[in-house]
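2 protein chains.
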Amino acid sequence: MGAQRSTLKELAAELDISVATASRALGGYEDISAKTRARVAQKAREIGYVPNSAGRMLVSGRSDFVGLVVPVSGPFLVDAFLGEFVTGMGEQLTEYGVDLFLATVSGEKTELDVLRHVVESGRADGMIINRIAERDERIEFLKSRNFPFVAHGRLSVEDGTMNWLDTDGQAAFTKAFDMLYDLGHRRFGFLTIDEPMSFKHFREKGLEAAYSSKSDPSLSLVKASAKRSNEVALREECRKLLTSENRPTAVLAVIDELAIILMQEAERLDIAIPGDLSVIGFDNAPATALTPPGLSTFDQQIRDCARQMTDMLMTVIRDRPSEQLTRLIQPVFLGRGSHGPAPRKRL
Amino acid sequence: MGAQRSTLKELAAELDISVATASRALGGYEDISAKTRARVAQKAREIGYVPNSAGRMLVSGRSDFVGLVVPVSGPFLVDAFLGEFVTGMGEQLTEYGVDLFLATVSGEKTELDVLRHVVESGRADGMIINRIAERDERIEFLKSRNFPFVAHGRLSVEDGTMNWLDTDGQAAFTKAFDMLYDLGHRRFGFLTIDEPMSFKHFREKGLEAAYSSKSDPSLSLVKASAKRSNEVALREECRKLLTSENRPTAVLAVIDELAIILMQEAERLDIAIPGDLSVIGFDNAPATALTPPGLSTFDQQIRDCARQMTDMLMTVIRDRPSEQLTRLIQPVFLGRGSHGPAPRKRL
DNA sequence: GTAAAAATCTAAAACGTTTTAGAAATTTCC
DNA sequence: GGAAATTTCTAAAACGTTTTAGATTTTTAC
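First to last, the protein sequences are chains A and B.
So that you can map any letter, position 68 of the first sequence is 50 in this note's numbering, and since no number is skipped, the others follow by simple counting.
So that you can map any letter, position 90 of the second sequence is 72 in this note's numbering, and since no number is skipped, the others follow by simple counting.
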């Protein structure tokens, strides 16, 4: 290893005191005189003493790491928000003097294998999990182990026992629908994915709530969906939507990725955005600003969410609160160029 | 904490053997009979025994973590390749049974503070550092502590004592220049940053080597640069380049970011790409594919680099090789729409 | 059947820390 | 000046593992 690291024993020996005294002095305990505390602190600085984390961990039972399990990723797809997320977590974790254990899923391992490792190795005191599925085995597992965690996203059926932070996709989609309605749109499309992620549930719910609240006979809503992982099918669905009789003049996409594919297909079909078609997405993915004319979408405020989740997690770890912790974050609408007034004349 | 974790002592007690035997059995030592080894393994599985990592760490002196210090990031800028990089590292680390300690820089802390923490806490056995500067204090520090590390990038002046993996920007820029030359371009521009990063040195060197190798009197090369962090200045430089007398017909940008700004400014000035101007960048940043007509660039193969660096790092940690480890990776050219034949007539 | 060799197991120490229970030193009180 | 109270310090145990040096058991060789 590097230069020999100094130990508490050495530090104590230098000052001719016991290790217990040295330990308690550094711990700031009142039963060590202020003078001794100062001497110890001084000497510690002098010899560059840093407590060995293994020794500390062994006796305290804590690791002072928290885990983040990076969502499964195929050979090409990596979560676009990972950077933002870990930055937010990192920022907040420094406040607590806790480090980040980043566990990735790869090879033969399933996400649950990785989770199990983090929990069972004792190398983390708690963790954050992302991308909650409608029925999520990770949650069952963590609960069964009574392992502190906070979920980014909640279950479609709230069970009141899980700590979560979620973006209010429901409110956002209600808002988006109303906005488009006010712009004169009456024929709506909704583009979603087939995967059982819980967020799509809420977003659809928000849209439907807004839709049903209007009693307008001219109103229509058509849904299209495909597997997110199946780009061919997604494009096909988009084309179908865009070439259908009475095709929608406004489409809401459950995630930006779908909105962008729709915009690309619209361009191929010579459908002008926002002239002939308005599109609104969700996520503020990096590509949204760059795809002309710029996708109107909702920003998830990922970094801030990550910070808040970190606070929640540390509370769970340290205080073991008996009540459930939850937070609903309002996403911020970013009006770019992809939405506008409904086309005047019948297409 | 979660369910009480079982210890080696318990495991041994269950089988009525000593902890030493249990430990050595699980370690696969030959001086424990095959029969006993099997019994121990069986029982371990049965009671879900997982070695406590603190105990192990304390006695072995290893943490079985490696660190990655995430490059400094302002409030908006996060390394676009972080996701790819950690995915690659994670994939390879599972091969070694080692975990990833992700250390981020934030708040008051400097990058060196973070490095110091990772090294001195003993919470990592080695680390990878990114974005090497021309003179990099992190390297001095790690060397002075004799702490195992591999750098992503090398120093402009090779000193033969540091382990590194780098993308061969020099070869790439020579290749790019030659390609454009063969397409008829004679008036070249080079767009670079003022920050003292080592990669820009090599890329410029590659360009200059190619440039000087031609003895063509009509050849010209003009350079422009600004601080990467100063977008206003960057745009200004681009405009100057594009509106100069005898402006270049081909511009090489040291990083995609600059190329994209150039393309945006070109569009404003009604300079057609690739008709009037060819642009080639470097990095294959996410935005490159989306900025029409698509930026021709070099892909760094980040994930694969990360994997290779992980292998190198593990070698350094475990074998402490006396010779320097180095690897030069050839980036892959991605011809998209931003480059083409030189315009025929004088502009 | 016994001595030597080989195979198998184990007690104890070590890693570096924190905490507990109590010892030693100092101060206070009358 | 001595007992009591308070302040200050410390020895020892504990956390869970691996390794070392050696003990015990089994096998081999004659």
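No residue lacks a Cβ here, since even glycine has one placed at the ideal position from N, Cα and C.
Give me the Cα-Cα distance between residue i and residue j, rounded to the nearest whole angstrom.
i, j, result
"B:V1", "B:A7", "10 Å"
"B:A269", "B:Q246", "12 Å"
"B:C220", "B:G276", "18 Å"
"A:G(-16)", "B:V48", "Its pLDDT being 46, under 50, A:G(-16) is placed unreliably in this model, and the coordinates cannot settle the point."
"B:E213", "B:W146", "31 Å"
"A:L329", "A:I253", "With a pLDDT of only 46 at A:L329, under 50, the local geometry of the prediction cannot be trusted, and the value read off the model is given with reservation. If you take the alpha carbons of A:L329 and A:I253, they lie about 10 Å apart."
"B:K182", "B:S194", "18 Å"
"A:A192", "A:V233", "14 Å"
"A:T143", "A:K17", "49 Å"
"A:R309", "B:A23", "44 Å"
"A:V87", "A:L240", "25 Å"
"B:D164", "B:I243", "25 Å"
"A:E190", "A:Q283", "24 Å"
"B:L173", "B:R326", "24 Å"
"A:L201", "B:A154", "57 Å"
"A:L40", "A:R285", "33 Å"
"A:A(-6)", "B:S103", "19 Å"
"B:E358", "B:L295", "No information on residue 358 of chain B is available, as it lies outside the stretch -17 to 329 that chain B covers here."
May I ask which residues mark the beginning and end of the alpha helix (DSSP H) holding residue i?
i, result
"A:A26", "A16 to I29"
"A:S195", "S180 to S195"
"A:G37", "S35 to S42"
"B:T3", "V1 to L8"
"B:A288", "I284 to D301"
"A:D61", "Neither: A:D61 is in no alpha helix (DSSP H) and is coded neither H nor E."
"B:L272", "No alpha helix (DSSP H) contains B:L272, which DSSP labels as neither H nor E."
"A:V96", "E93 to E102"
"B:V32", "That residue, B:V32, is in no alpha helix (DSSP H); it is neither H nor E in DSSP."
"A:R217", "E213 to T225"
"B:E(-8)", "L(-10) to L(-3)"
Opposite residue i in the DSSP bridges: which residues?
i, result
"B:T308", "B:W146"
"A:L234", "A:F172 and A:I262"
"B:I110", "B:L50 and B:V132"
"B:L316", "B:T279"
"A:A115", "A:M179"
Start and end of the beta strand (DSSP E) containing residue i?
i, result
"A:K205", "S202 to A208"
"B:T279", "T279 to D281"
"B:L162", "Segment G151 to D164 is the alpha helix (DSSP H) holding B:L162; no beta strand (DSSP E) there."
"B:L251", "First-last for B:L251: undefined, no H or E at that position."
"B:L360", "Since the displayed chain B opens at -17 and closes at 329, residue 360 of chain B lies outside it and no answer follows."
Relative to the C-alpha of residue i, which residue among the options is closest?
i, options, result
"B:R136", "B:A62, B:G151, B:R(-13) and B:F123", "B:G151"
"A:R210", "A:D160, A:E227 and A:A235", "A:A235"
"A:S207", "A:D61, A:T18, A:P53 and A:L216", "A:L216"
"A:F123", "A:V96, A:H321 and A:P274", "A:V96"
"B:E73", "B:I299, B:F264, B:M291 and B:R326", "B:M291"
"B:L224", "B:S278, B:D238 and B:R169", "B:R169"
"A:L251", "A:I237, A:S304 and A:S226", "A:S226"
"B:A106", "B:L64, B:I121, B:F83 and B:T(-11)", "B:F83"
"B:I299", "B:D118, B:P33, B:T76 and B:F131", "B:F131"
"A:D281", "A:I237, A:D301 and A:E305", "A:I237"
"B:T297", "B:L(-7), B:V41, B:V80 and B:A36", "B:V80"
"A:E140", "A:P323, A:Y11, A:T92 and A:L307", "A:L307"
"B:F159", "B:D148, B:I262 and B:D(-2)", "B:I262"
"B:L333", "B:A20, B:R120, B:L259 and B:P33", "What is shown of chain B runs -17 to 329, which leaves residue 333 of chain B out entirely."
"A:G166", "A:T(-11), A:L(-10), A:S(-12) and A:A324", "A:A324"
"A:Q312", "A:S320, A:C287, A:I255 and A:G108", "A:C287"
"A:M161", "A:G322, A:I(-1) and A:T69", "A:G322"
Let me check you understand the geometry: is the CB of residue i closer than 7 Å to at least one non-hydrogen atom of the ligand HEM?
i, result
"B:K157", "The ligand HEM is absent from the structure shown, which contains no ligands of any kind."
(request) Identify each residue in the region 25 to 44 of chain B for which the Cβ-Cβ distance to at least one residue of chain A is less than 7 Å, and report them in chain order. (result) V32, N34, S35, A36, G37, M39, L40 and G43
(request) With 8 Å as the limit, tell me which residues of the region 265 to 276 of chain B have their beta carbon closer than that to any beta carbon of chain A; keep them in chain order. (result) P268, A269, L272, T273 and P274
(request) Give the residues from the region 277 to 289 of chain B that approach chain A closer than 7 Å (Cβ to any Cβ), ordered along the chain. (result) none
(request) Compile a chain-ordered list of the residues in the region 113 to 138 of chain A whose CB is closer than 7 Å to at least one CB of chain B. (result) R127, N128 and F129
(request) Report the residues of the region 311 to 326 of chain B with a CB closer than 9 Å to any CB of chain A, ordered along the chain. (result) none
(request) Give the residues from the region 211 to 223 of chain B that approach chain A closer than 9 Å (Cβ to any Cβ), ordered along the chain. (result) none
(request) Can you give me, in chain order, the residues of the region 78 to 89 of chain B that have a beta carbon less than 9 Å from any beta carbon in chain A? (result) D81, L82, F83, L84, A85, T86, V87, S88 and G89
(request) With 7 Å as the limit, tell me which residues of the region 231 to 247 of chain A have their beta carbon closer than that to any beta carbon of chain B; keep them in chain order. (result) none
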